[in-house]
Amino acid sequence: KPILALPATAEETVQSVDVNDTFKLKELGPVVVNADGTLSRINNWKEMSEIERNNV
């Protein structure tokens, strides 16, 4: 049997942020406030079509 291996790890990009810096997190998609007050987000936002995003 062939030995199965894990896929190669991609290089991580690290971004430094200083105090009072601002940046946008648009790639994460919208934050949803649930009925109990907890927060969540839509995990597949990047894969959704424009029509699907507008219907959320």
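Numbering (the numbering used here), first residue to last: 4 to 59. Just so it is clear, CB atoms sit at the ideal spot from N, CA and C, and this is done for glycine as well.
(request) Could you please give me the residues that DSSP links to R44 through a beta bridge? (result) The secondary-structure analysis by DSSP pairs R44 across a beta bridge with V34.
(request) Determine the direct distance from the alpha carbon of T12 to that of L28, and round the result to whole angstroms. (result) So the two alpha carbons sit approximately 23 Å from each other.
(request) Specify, as a first and last residue, the run of the alpha helix (DSSP H) that N57 falls within. (result) Unbroken alpha helix (DSSP H) run through N57: 53-58.
(request) Can you tell me which of the three DSSP states K49 falls into? (result) Helix.
(request) Please state whether DSSP places K27 in a helix, a strand or coil. (result) K27 falls in the coil class under three-state DSSP.
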